[in-house]
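Beneath this line is the structure, given in structure tokens, with notes to follow.
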Amino acid sequence: MSRYEAVIGLEVHVELKTATKLFCGCSTEFGKEPNTQVCPVCLGLPGSTGVLNKRAVELAVKAGLALNCEIGTHTWFDRKNYFYPDLPKGFQISQIFRPIAHNGYLDIEVNGQEKRIHITRAHIEEDPGKLIHTGESITTSFASYVDYNRSGIPLIEIVSEPEIRSGEEAKAYLEKLKSILEYTGVSDVKMEQGSLRCDANISVRPAGTTTFGTKTEIKNMNSFRAVQRAIEYEIDRQIELLEDGGTIIAETRGWDENKGITVSMRSKEDPDYRSFLEHEISDIKLTPEWIEEVRAALPELPDARKERLVKEHGLPAYDAGIITGSLALAEFFDAVYEKYPDAKTISNWIMGELLRLLNARNLELSQAKITPEGLAKLLELIKKGTISNKMGKEVFELMFEEGNDPEQIVKERGMVQISDEEQLAQILTEVIAQNPKSVADFQSGKKQAIGFLVGQVMKATKGQANPGVVNTMLRNMLAEK
Amino acid sequence: MQLYTLTVHQLSELMAQKKISSVELINAYLERSSKIEHKIQAFITHTKEEALAQARIVDAKRMQGEELSPLAGIPVAINDNICTAGLKTTCASNILNSYIPPADATVVTRLKNAGSILIGKTNMDEFGMGSSTEYSAFTPTKNPYALEAVPGGSSGGSAAAVAAGEAAFALGSDTAGDIRQPAAFCGVLGLKPTYGYVPRTGLISYASSLDQIGPLARDITDLALILNAILGHDPKDSTSATVDVPDFKAGLVNDVKGLRIGLPKEYMEAGVEGKVAAKIQEAVKQLEDMGAICVEVSLPHTEYAVAAHYIISCAEASSNLARYDGVRYGLRVEAEDVLSMFMQTRSQGFGDEVKRRVLLGTHVLSSASYDEYYTQALKVRTLNKQDFDQVWTQVDCLLTPASLTTAFKIGEKAQDALAMYLSNFCTIPVNLAGLPALTLPFGLADGMPVGLQLIARHFDEQTLLRVGYSLEQNTDQTSLKPDLDRE
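Chains A and B are the protein sequences, given in the same order. Each number in my numbering comes from the position in the first sequence (counting from 1) with 23 added on. Each number in my numbering comes from the position in the second sequence (counting from 1) with 96 added on.
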């Protein structure tokens with residue numbers, strides 16, 4: 024047991040999935056030519072005025088409700104003032120004093136242990152633009168370019184209480200958060216496109232104490248795995264520093280993915296943002312009735328869906344957790360189940376083949392060619408004995424890569440299983456004749472000898488024989504002797 | 097007939113009767129400008145060719161019998177902090193001295209749709225920060241009644257242009273009295289509508305919770321016609337009111353019988369000049385003679401309004417002016433790195449008064465002084481509003497001086513920021529409360545115009561116009577003309 028305890032709080036910025044920006048009609052589409060999705064409002068031109076995107080408010084409320092937050096019926100926007108070239112107005116419009124959602128939580132599970140992580144607040148704000156440096160950073164570059172396409176895209180910032188204690192818990196928190204936001208359709212939650220960004224505040228303290236140590240803020244993590252690694256590194260760094268008699272400096276540190284270390288970016292004197300009310304955007308007033316309408320329209324959330332898979336289908340909690348961890352996977356499962364109602368078998372194929380191939384190829388489910396209908400057909404073929412389980416895996420891989428129909432694959436490749444006893448009887452007779460030792464072993468009570476004989480039959484049939492049928496036939500034939 | 101002295105509705109009538117064309121009218125104004133603008137310096141940008149081109153279009157429409165707005169073909173001056181598409185809009189600042197907006201302000205669109213002819217962009221105190229037009233980065237504007245006096249500010253160019261006959265009416269902006277005080281100093285009418293009644297889209301922000309666009313004109317009927325054109329909701333501006341706009345022209349009545357008019361004692365006790373006080377007493381007498389009931393009332397927190405306003409407006413300005421950083425538009429002073437570029441650009445781009453207010457605003461919002469200044473100011477603002485709510489249970493409108501003095505001399509207050517700010521003593525409480533207020537001339541004192549201020553409830557511009565119209569119809573004190581040809 025470590026003498027230290029880590030205290031971690033996460034700030035997660037999530038792009039809301041709206042067609043247009045927070046205060047103007049510009050498109051939010053990702054990956055367009057720089058500065059092609061801009062207007063006087065999101066460029067902060069003198070005299071421009073914005074109007075709040077109602078859809079963004081709705082999505083933020085959805086997220087808040089899904090995260091068990093209280094929703095404010097009267098909230099507003101404030102200005103966070105600071106100078107940076109990517110910030111066209113010299114201030115960011117955010118909710119400082121009254122967030123749209125506060126006081127929520129989500130539950131995570133690490134090593135079979137459930138834990139509740141509380142959410143302090145979730146507030147709406149606008150994204151700044153994006154800087155593209157000719158060199159490493161703004162201070163070392165000859166020039167920096169600014170792309171304002173991102174300027175004004177609606178975000179929610181979700182702030183957790185400092186209740187996370189390890190990198191693993193942080194990763195579990197992010198995974199749960201991601202799936203909740205995905206289920207509710209609030210965001211695309213694509214870390215690689217920047218629609219989900221995470222900063223971690225980390226401090227350590229002697230185990231059993233309650234005061235907070237000096238914290239550092241870690242930025243630039245591009246995957247959940249990176250968040251976990253960066254936190255683990257930073258905890259070790261801080262403990263080592265303290266053990267050596269050093270002191271932690273309050274600073275912002277960047278994660279260097281290649282070197283696997285955090286590096287100091289800037290000392291963190293708390294910037295004075297001089298926040299005050301944004302007078303040019305009207306307040307957000309929500310009726311309790313409207314909030315209840317949004318709540319009633321929430322889809323089934325990951326925890327409820329997991330419980331349903333366990334209760335209704337008898338899946339192990341572990342399987343159900345993995346399958347419902349991603350909306351795409353959960354929907355895939357349901358679609359297969361509709362055609363082939365054998366939950367455990369489906370789960371085995373998802374947990375085994377599907378996830379194995381996705382991980383090996385580093386793909387999203389949406390990029391794989393296999394369809395739920397195809398998998399259902401495949402499972403049907405195996406059940407009928409048309410092909411063996413082993414052949415099924417080969418077919419699965421082809422379906423995964425090419426998306427072809429399983430029946431067609433089986434036909435084209437002649438992958439038909441021989442279950443016909445008459446056809447098999449001839450081969451079995453030959454195998455028995457050729458392997459007197461194994462036959463004698465079996466008959467003298469070494470029942471495992473049958474495995475060798477089945478193997479010989481499979482070999483003779485190039486794997487096409489139905490192993491179940493062969494096993495039964497062999498036992499009958501050897502018993503007769 | 098001197099066309100440049102007539103009112104909008106008189107000119108409109110002449111054009112409707114085809115006695116003059118818009119081109120003739122514009123030419124008359126351009127000629128007038130060519131004779132006196134060098135004395136007044138009301139304009140930053142003139143739009144001679146474009147104005148004539150637009151006038152020809154309006155004349156053609158009229159010839160074809162098209163039904164036109166009463167504002168059609170009429171030359172208007174627009175304050176240079178209101179955006180005009182394709183036309184330089186500077187806020188009288190070096191930092192924006194070549195800035196060309198991509199779009200018209202909503203009010204400009206509305207006037208253009210009515211057929212008004214933009215004749216130029218008028219001078220002002222930089223970003224609206226000032227009360228004399230001396231803080232323009234380009235040149236001070238002169239008062240048409242005495243060239244050694246200021247025209248007031250910040251919309252001093254607009255007031256002087258209307259007074260001197262260089263525009264038939266103008267649009268200014270009012271954050272602390274910036275329409276009303278210069279209107280009073282220049283002997284014209286100025287109206288600050290209820291906060292939010294005129295869309296702010298295209299108005300370059302100084303203090304967002306206080307700024308309001310409004311008209312300057314030569315009589316009440318003109319104000320009514322302009323209000324008809326510029327008021328009303330704008331879907332592009334979420335702060336713009338969704339209140340219906342009545343027909344102000346049709347609603348004009350010459351009748352104040354039984355109307356209760358409050359006389360806030362705090363205004364008369366605040367050191368108002370004797371000659372101004374005498375004119376106010378004369379106006380009260382006139383209104384009483386016409387059947388109005390004038391009673392003394394109290395707005396006890398008036399003395400704190402200027403300080404609260406200073407804090408709030410500077411705070412908001414420090415944020416609103418942060419966008420002028422040299423990155424995207426306007427002045428950029430090249431420097432070694434980004435931070436130096438920001439600092440050099442802003443140091444060289446802003447004038448002293450703007451810097452003063454940005455620094456003060458930054459200070460009052462900083463966490464060490466926030467509660468002591470900003471929070472206190474917001475409390476005073478609430479008390480100020482409650483004062484007004486209280487008097488509305490007793491009276492229908494208020495009558496005060498527009499300014500404690502007549503126009504002061506150029507240079508008299510330019511080095512004394514506090515004295516300059518205090519010259520808006522009478523107008524500032526109205527901005528803090530978001531109320532509508534009208535100033536109108538009431539004769540001369542020592543050759544300089546004296547202004548009355550009328551204040552009414554939110555969205556009750558009609559009462560302001562009713563009192564103003566009644567005074568106008570029953571006295572000859574509200575219609576003044578400067579003598580610019582005397583030299």
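Every residue, glycine too, gets a C-beta built ideally from N, C-alpha and C.
| query | result |
| --- | --- |
| Using only alpha-carbon positions, find the residue among GLN261(A), ASN412(A), ILE405(A), GLU376(A) that is nearest to VAL30(A). | GLN261(A) |
| At a CB-CB cut-off below 7 Å, which residues of chain B make contact with ARG102(A)? | SER415 |
| Which residue marks the beginning of the alpha helix (DSSP H) containing LYS114(B), and which one marks its end? | Looking at the DSSP string, LYS114(B) is not in any alpha helix (DSSP H), and its letter there is neither H nor E. |
| According to DSSP, which residues form a beta bridge with LYS367(A)? | DSSP, once it has assigned bridges, lists no residue as partnering LYS367(A). |
| What residues of chain A sit near ILE300(B), judged by a beta carbon separation below 7 Å? | PRO69, GLY70 |
| What do you get for PHE139(B), buried or exposed, if any count of 16 or more other CB atoms within 10 angstroms of its CB means buried? | buried |
| How far does the alpha helix (DSSP H) with LEU243(B) in it extend, from its first residue to its last? | First-last for LEU243(B): undefined, no H or E at that position. |
| Quick check on this structure: which residue in GLY252(B), CYS410(B), GLU378(B), GLU399(B) has the alpha carbon closest to the alpha carbon of ASP538(B)? | A quick correction: the sequence has Phe, not Asp, at residue 538(B). Minimum Cα distance to PHE538(B) is reached at GLU378(B). |
| So, under 8 Å CB-CB, HIS302(A) and SER304(B) are touching, yes? Tell me the CB distance rounded to an integer number of Å. | 4 Å |
| Measure the CB-CB distance between SER269(B) and ASP307(B) and report whether it falls below 7 Å. | yes |
| Can you check whether the CB of HIS405(B) is closer than 7 Å to the CB of LEU528(B)? | yes |
| Ends of the beta strand (DSSP E) at GLU435(A)? | No beta strand (DSSP E) holds GLU435(A); the alpha helix (DSSP H) holding it covers 429 to 435. |
| Return helix, strand or coil for GLY217(A), following the three-state DSSP convention. | coil |
| List the whole-angstrom C-beta distance separating LYS392(A) from GLU425(A), where the pair is believed to meet the contact cut-off of C-beta under 8 Å. | 6 Å |
| Considering only DSSP beta bridges, list what PRO166(B) is partnered with. | Answer by DSSP bridge pairing: none, since PRO166(B) is not bridged. |
| Quick check: is the beta carbon of ARG297(A) nearer than 7 Å to any beta carbon in chain B? | yes |
| Under 7 Å Cβ to Cβ from PRO63(A), same chain only, skipping five residues before and after it: list those, please. | SER71 |
| Check whether the segment 540 to 549 of chain B touches the segment 498 to 505 of chain B, counting contact only when three or more Cβ pairs, one atom from each stretch, lie closer than 8 Å. | yes |
| Quick check: the segment 215 to 229 of chain B against the segment 243 to 261 of chain B, are at least 3 beta-carbon pairs closer than 8 Å? | yes |
| Is the CB of GLY152(A) under 7 Å away from at least one CB in chain B? | no |
| Check whether the segment 281 to 292 of chain B and the segment 517 to 537 of chain B touch, using three or more Cβ-Cβ pairs below 8 Å as the test. | yes |
| Where DSSP assigns a beta bridge to GLU38(A), which residues make up the other side? | LEU178(A) |
| With distances taken Cα to Cα, identify the nearest neighbour of LYS475(B) among ILE407(B), ASP433(B), PHE504(B). | ILE407(B) |
| Along chain B, which residues have their Cβ under 8 Å away from the Cβ of THR162(A)? | ASP433 |
| For ARG248(A), is the classification buried or exposed, using 16 other Cβ atoms within 10 angstroms of its Cβ as the cut-off for buried? | exposed |
| When the cut-off is 7 Å and only beta carbons count, does TYR27(A) lie next to chain B? | no |
| Count the other C-beta atoms from every protein chain shown that fall within 10 angstroms of the C-beta of VAL84(A), then say buried if there are 16 or more, exposed otherwise. | buried |
| When the Cα atoms are used, what is the spatial distance from LEU355(B) to LYS381(B)? | 14 Å |
| If GLU186(A) sits next to ILE131(A), beta carbons under 8 Å apart, how far is it from one beta carbon to the other, in whole angstroms? | Rounded, the Cβ-Cβ distance is 10 Å, inconsistent with contact. |
| Between LEU207(B) and ASP326(A), what straight-line distance do the alpha-carbon atoms span, to the nearest angstrom? | 59 Å |
| Could you check the C-alpha separation between THR143(B) and THR471(B) for me, to the nearest Å? | 45 Å |
| Could you check where the alpha helix (DSSP H) with ASN480(B) kicks off and where it finishes? | 472 to 487 |
| Any idea which residues DSSP pairs THR496(B) with across the strands? | GLN549(B) |
| If you drop the 5 nearest sequence neighbours on each side, which residues of the same chain put their C-beta closer than 8 Å to that of ASN123(B)? | LEU148 |
| Please list, in chain order, the chain B residues whose beta carbon lies closer than 8 Å to that of LEU75(A). | SER334 |
| Can you give me the Cβ contacts of ASN459(B) inside the same chain, cut-off strictly under 7 Å, excluding the 5 residues immediately before and after it? | Correcting the residue identity first, residue 459(B) is His in this sequence and not Asn. Only SER465 meet the Cβ criterion. |
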